[in-house]
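One structure is given here, and the rest of the page talks about it.
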Amino acid sequence: MNDDKRFDGDRKDLERFMDGVVQRNPDEKEFHQAVHEVAADVLPFIAEHDRYQRGKLLERMTEPDRVVSFRVSWIDDQGQPQVHRGWRVQFNNAIGPYKGGLRFDPGLTESVLKFLGFEQCFKNALTGLPIGGAKGGANFDPKGRSDDEIMRFCQALMNQLVHYIGPNRDIPAGDIGVGQREIGYLFGQYRTLTREFVGALTGKGVSFGGSELRTEATGYGVLYFVQDMLDRADGDLDGQRIAISGAGNVALHAAEKAIALGARVVTLSDSGGTMHDADGLEREQLETVKRMKQDRGCRIEQVAEKLGWDFQEGKAPWAAECDIALPCATQNELDGDDAQTLIDNGCRLVAEGANMPCTADAVERFQDADVLYAPGKAANAGGVAVSGLERAQNAQHLVWTRDRVDDELQKIMRDIHDRCERHGGDGNGGPVNYRKGANIAGFEKLADAMIAQGVL
Ligand code: NDP
Ligand code: 2IT
11 MNDDKRFDGD RKDLERFMDG VVQRNPDEKE FHQAVHEVAA DVLPFIAEHD RYQRGKLLER
71 MTEPDRVVSF RVSWIDDQGQ PQVHRGWRVQ FNNAIGPYKG GLRFDPGLTE SVLKFLGFEQ
131 CFKNALTGLP IGGAKGGANF DPKGRSDDEI MRFCQALMNQ LVHYIGPNRD IPAGDIGVGQ
191 REIGYLFGQY RTLTREFVGA LTGKGVSFGG SELRTEATGY GVLYFVQDML DRADGDLDGQ
251 RIAISGAGNV ALHAAEKAIA LGARVVTLSD SGGTMHDADG LEREQLETVK RMKQDRGCRI
311 EQVAEKLGWD FQEGKAPWAA ECDIALPCAT QNELDGDDAQ TLIDNGCRLV AEGANMPCTA
371 DAVERFQDAD VLYAPGKAAN AGGVAVSGLE RAQNAQHLVW TRDRVDDELQ KIMRDIHDRC
431 ERHGGDGNGG PVNYRKGANI AGFEKLADAM IAQGVL
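The sequence shown maps to residues 11 to 466 in my numbering.
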């Protein structure tokens, strides 16, 4: 195998590599962004290691194994047929079966799914568990739909998705717009169609094979990771002001753990705007937020009114004075200007609960200003990690206790932190470049598995 042009690790390599990616995937700007972020760290690493120069590893990693799309037809409450598009992007299964969430979002595109599937390969590798990377979903807007409509949509989606998934093939879970309710309907249809009760989805209800703590795992994991970052920098969470964006699964469980660890959550948001209070959220107030958002589908504006908090219509949380920022809503929700405002207001740590919430410009500004920055593929890996533990429990036909899962989650987050430090630290106890560390550690694990299995 001597077909490779060797990388020198300079900017020209990166430009040449990205030109190819852009040419092969025109107009997919989120995918380009995610690949660029990884390639910028990994190409110099490849240049330094002969072992990784051969076999076009990064070229193969940036080409999904397959992208399938299908029509999802269903009948709404008015008896009208509705048609949507469903997808599954199976990116790489060199270290384990495909694994990753399903997103229901009217603006969903193949570019977004490819960026998410690509990042998932690195994230899943970082967990240390045997899971490959995938992502899927549909351009369906669950907002305003009745419970019956959600059920019928999930059943119609599974009528197609069933052909591509399975406990040892591809194991979907939740993401934006897909939580325990949707996974329940998807699982029911899978079980009915296949006549098998197996762990082909994770994030199930605890009474039928779901893991304890899966719902909380992403948000809790973000805080465990932040704690590890602070420990290393001789800090702690006590009294720290935290700005959180979003008010969904990740945001609310990040808020819950932050409060439990003594921090002050000063913002939450949704696509309508931000609620803010400098004193921070009390534990009982969080219960009210959860009830209003999760059970009754209220908007953050209504929650702010109920709690007597300030509401800023159409605004993101990044103008709030805070020590820590946790973007937990969606991709590219925090840009370079937002980053500058956070830096000017004294923010010292940013950890991504969402996938790629910070633009490339924002990340660069954080790093230039020595703000500790953790990318989503490291900081939000707790969700997929507990999904991996759910898969293990299903395969063992066992149910682990909440305490056991929590212990495992904390250990996995610490291991991810240490992997980032190994590849992103200077070896002398200086600040860690978590982005670089996560990219290289994920690449190394995946590359070693691909090399061992031959060119495929
Ligand atoms: P949810 O659907 O539970 O919540 C999403 C939240 O983000 C809602 O509050 C939503 O507000 C807000 N939001 C969505 N789009 C926008 C937007 N364009 N502008 C402002 N706010 C927006 O999703 P999750 O909490 O599960 O996911 C959030 C992020 O975390 C995503 O990036 C996801 O990929 C990532 N993630 C999720 C994991 C999981 O286990 N669920 C695991 C790892 C990462 P609104 O109601 O107004 O739309
Ligand atoms: O982005 C993610 O890691 C998820 N949405 C969770 C995936 C999973 O399989 O639990």
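From the three backbone atoms N, C-alpha and C, an ideal C-beta is built for every residue, glycine too. All of these numbers come straight from a predicted model, not from anything done at the bench.
Buried versus exposed, by CB contacts within 10 Å (16 or more), Ile-105: buried
Is the Cβ-Cβ distance between Tyr-234 and His-263 less than 7 Å? No, the pair does not count as a contact, with Cβ atoms beyond the cut-off.
Beta strand (DSSP E) runs wholly inside the segment 261 to 290, at least 3 long, in chain order: Within the segment 261 to 290, the complete beta strand (DSSP E) runs of at least 3 residues are 274 to 280 and 283 to 286.
Asp-23 Cβ short of 6 Å to the ligand NDP heavy atom set: no
For the ligand NDP, is there a heavy atom less than 6 Å away from the beta-carbon of Ile-186? Flag set: Cβ of Ile-186 near the ligand NDP.
Using the Cβ count rule (16 or more neighbours within 10 Å means buried), how would you classify Leu-466? exposed
Within its chain, find whatever has a CB closer than 6 Å to the CB of Trp-84; leave out the 5 residues flanking it on each side and keep chain order. Gln-92, Arg-162, Phe-163 and Ala-166
Relative to the ligand 2IT, is the shortest distance from any of its heavy atoms to the C-beta of Ala-183 smaller than 6 Å? yes
Is Tyr-174 helix, strand or coil by DSSP? coil
What three-state label does DSSP hand Asn-102 in the structure shown? strand
Could you tell me how far apart the beta carbons of Asp-378 and Arg-358 are, in whole angstroms, since I believe they sit closer than 8 Å? In fact, because the Cβ distance is near 14 Å, the residues do not count as touching under 8 Å.
Could you tell me whether the Cβ atoms of Gly-468 and Arg-424 are closer together than 7 Å? It is not possible to answer for residue 468, since the shown part of the chain is limited to 11 through 466.
Please state the DSSP three-state secondary structure of Leu-344. Secondary structure at Leu-344: strand, using DSSP grouped into helix, strand and coil.
Cβ contact check for the segment 165 to 183 and the segment 119 to 135: 3 or more pairs under 8 Å: no
Check this for me: beta carbons of Asn-35 and Phe-41, under 7 Å apart or not? Cβ atoms of Asn-35 and Phe-41: closer than 7 Å.
Do Leu-211 and Ile-193 have their beta-carbon atoms positioned less than 7 Å apart in this structure? yes
Ile-56 versus Gly-19: straight-line alpha-carbon distance, rounded: Their Cα atoms are separated by approximately 7 Å.
Going by DSSP, what residue range makes up the alpha helix (DSSP H) through Pro-54? 39 to 58
From the DSSP output, in three-state form, read off Phe-125 for me. helix
Using only the heavy atoms of the ligand 2IT, determine whether one of them is closer than 6 Å to the beta carbon of Lys-124. no
Any idea which residues DSSP pairs Arg-113 with across the strands? Gly-147
Residues that DSSP places opposite Phe-321 in a beta bridge: Met-285
Measure the alpha-carbon distance for Gly-176 versus Asp-157 and round it to whole angstroms. 26 Å
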